[in-house]
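**Q** Could you have a look at this structure, given as structure tokens, before my questions?
Residue numbers (our numbering), protein chains in the order written: chain A, 1 to 202; chain B, 203 to 404.
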């Protein structure tokens, strides 16, 4: 009898949970183009954005991907993008991390060119989603004026999703965003001498 | 002159940063199959795993994906998986959240069948990466014995990457993992009445 009671209690509890959940979901009726930010020191900021790009592709949407810092996306992503040429426009604009180029003026020019691409894709109704990968890094180094970036992001056309990734997202960007996730590092294998590996980091 | 000085200082600083970075990277020599955990209340746990699956596909690896809870991956991901039939084996084993089924015995049987698939894929050298999507949920409800799950995960063949997602990852799993990221929710649009949307949630 005890097992039967327990099963019945479980079913009852879950029935209540379902009812509560249905009620909550029924109140969510609005569709909206979201400004999404993935920040924090942990891994997964670009990967999670990629996961959203994949979903969007799967729904037949057209997605624009602009990479502000070289290396965040490499062979792995490119192969998959190439399989959906009508759905993804991939612009790897970054020249490398700023400690690679060692030339501030060149970094500023590179950031500007990448931002011009993002601005164009946001304005163009052909793109349902735009990913500005590692834009936060560029903002952190003040290679682009934050005010200008925020003005474009917040004035985006209705229904357009924009994803911004990179650690150290500015407070004003978090304030302006609809959906913000912080990827926090709990444990990282680099600490124990493991190198970057295919399928994980690139 | 001042601008020139500033540029020179920047270049010098970045040169030092590059040298320090090169030294660190040179010490990372080990390749290792990683046990990866994405947990936390924020969004992006499954999406970031998807991003890794995409990278792995792009490198020609074969990936096994087992979904413990229905709905975490839907049309969006499936369309992309279908484009790479030789590289992804997708097993949507979940029957729904436990508050949908309201039947504990059935949930336990479903979890067991899904876990059998994961066990098979971990043992089979054909798979370079295995994603156990939302396994943490099933562990949280004690539908599978944690000890058994940990034994299989920690005894995985060398070089095999396993990704486990879901909120409330057990402490012992975090302890056993090589790479753990917590997705923390900073801001979520459901709070302001926005519903789940194509390309974002599914």
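Note that beta-carbon positions come from the ideal geometry of N, C-alpha and C, so glycine has one too.
Bear in mind that the values here come from a model prediction, so they are computed numbers and not experimental data.
(1) DSSP on residue 92/A, reduced to helix/strand/coil?
(2) In chain A, which residues lie less than 9 Å from residue 272/B when you measure between Cβ atoms?
(3) Taking only beta-carbon positions, decide if residue 341/B is within less than 7 Å of chain A.
(4) Quick one: what does DSSP say residue 256/B is sitting in, helix, strand or coil?
(5) Counting contacts by CB-CB distance shorter than 7 Å, is residue 61/A in contact with chain B?
(6) Using a 10 Å radius around the Cβ and a threshold of 16 neighbouring Cβ atoms, would you call residue 160/A buried or exposed?
(7) What does a CB cutoff of less than 7 Å around residue 75/A pick up in its chain, not counting 5 residues either side in sequence?
(8) Is there contact here, the segment 373-393 of chain B with the segment 141-156 of chain A, by at least three beta-carbon pairs under 8 Å?
(9) Can you find a CB in chain B that lies within less than 7 Å of the CB of residue 52/A?
(10) On the criterion of 16 or more Cβ atoms from any shown chain inside 10 Å, does residue 136/A qualify as buried, or is it exposed?
(11) Are there 16 or more other CB atoms within 10 angstroms of the CB of residue 225/B, so buried, or fewer, so exposed?
(12) Could you pull the start and end residues of the beta strand (DSSP E) that residue 389/B belongs to?
(13) Distance check for residue 214/B and residue 67/A, CA to CA, integer angstroms please.
(14) Confirm the yes/no value for this check: CB of residue 181/A, any heavy atom of the ligand NAD, distance under 6 Å.
(15) What ranges does the beta strand (DSSP E) occupy inside the segment 276-348 of chain B, keeping only unbroken runs of at least 3 residues that lie completely in it?
(16) Cutting at 8 Å between CB atoms, please list the residues of its own chain near residue 33/A, excluding the five before and the five after it.
(17) Which one of 114/A, 56/A, 95/A has the shortest CA to CA distance from residue 86/A?
(18) For residue 198/A, tell me which candidate among 330/B, 290/B, 209/B, 378/B has the shortest Cα-Cα distance.
(19) Consult DSSP for residue 10/A and reduce its assignment to one of helix, strand or coil.
(20) Where does residue 271/B fall in DSSP's three states?
(21) Compile a chain-ordered list of the residues in the segment 274-289 of chain B whose CB is closer than 7 Å to at least one CB of chain A.
(22) Starting from the beta carbon of residue 330/B, find every residue of chain A whose beta carbon is closer than 8 Å, and list them in chain order.
(23) Against residue 189/A, what residues of chain B qualify as contacts under a CB-to-CB distance less than 8 Å, listed in chain order?
(24) Would residue 30/A be called buried (16 or more neighbouring beta carbons within 10 Å of its own) or exposed?
(25) Per DSSP, residue 59/A is paired with what?
(26) Which residues of chain B have a Cβ atom closer than 8 Å to the Cβ of residue 43/A, listed in chain order?
(27) Who are the near neighbours of residue 134/A in its chain, counting only those whose CB is closer than 8 Å to its CB and skipping five residues on each side?
(28) Within 7 Å of any Cβ in chain B, is that where the Cβ of residue 227/A sits?
**A** On the basis of the coordinates in this document:
(1) Note: residue 92/A maps to strand in three-state DSSP.
(2) Annotation: residue 272/B has no Cβ neighbours in chain A at a cutoff of 9 Å; minimum Cβ distance is about 14 Å.
(3) So no, residue 341/B is outside the interface.
(4) Reduced to three states, the DSSP call for residue 256/B is helix.
(5) Output row for residue 61/A: interface = yes.
(6) Burial of residue 160/A is indicated by the presence of at least 16 other C-beta atoms within 10 angstroms of its C-beta.
(7) Around residue 75/A: 202.
(8) Contact between the segment 373-393 of chain B and the segment 141-156 of chain A is absent: fewer than three C-beta pairs spanning the two stretches fall below 8 Å.
(9) So, interface residue.
(10) Label assigned to residue 136/A: buried.
(11) Burial is judged here by how many other beta carbons sit within 10 angstroms of a residue's own beta carbon; residue 225/B has fewer than 16 and is exposed.
(12) Per DSSP, residue 389/B belongs to the beta strand (DSSP E) from 381-389.
(13) Going from the Cα of residue 67/A to the Cα of residue 214/B covers about 26 Å.
(14) The ligand NAD is absent from the structure shown, which contains no ligands of any kind.
(15) The segment 276-348 of chain B contains these whole beta strand (DSSP E) runs: 290-294, 331-335.
(16) Within the same chain, and ignoring the five residues on either side of residue 33/A in sequence, the residues whose Cβ sits closer than 8 Å to its Cβ are 156, 157, 158, 159, 160, 161, 162.
(17) Taking residue 86/A as reference, the option from 114/A, 56/A, 95/A with the minimal CA-CA separation is 56/A.
(18) When only C-alpha atoms are compared, the closest one is 330/B.
(19) In this structure, residue 10/A counts as helix in the three-state DSSP scheme.
(20) It is coil, neither helix nor strand.
(21) Residues of the segment 274-289 of chain B whose Cβ lies closer than 7 Å to any Cβ of chain A, in chain order: 277, 278, 279, 280, 281, 282, 285.
(22) When 8 Å is used as the limit between beta carbons, residue 330/B is near these residues of chain A: 199, in chain order.
(23) Ordered by position in chain B, the residues that pass the 8 Å Cβ test against residue 189/A are 234, 236, 380, 381.
(24) Under this definition residue 30/A is an exposed residue.
(25) According to DSSP, residue 59/A shares a beta bridge with no other residue.
(26) Taking the beta carbon of residue 43/A as reference, the chain B residues within 8 Å of it are 250, 381, 383, listed in sequence order.
(27) Only 46, 67, 68, 69, 72, 94, 165, 166 meet the Cβ criterion.
(28) Since the first residue of chain A shown is 1 and the last is 202, residue 227/A is not available in this structure.
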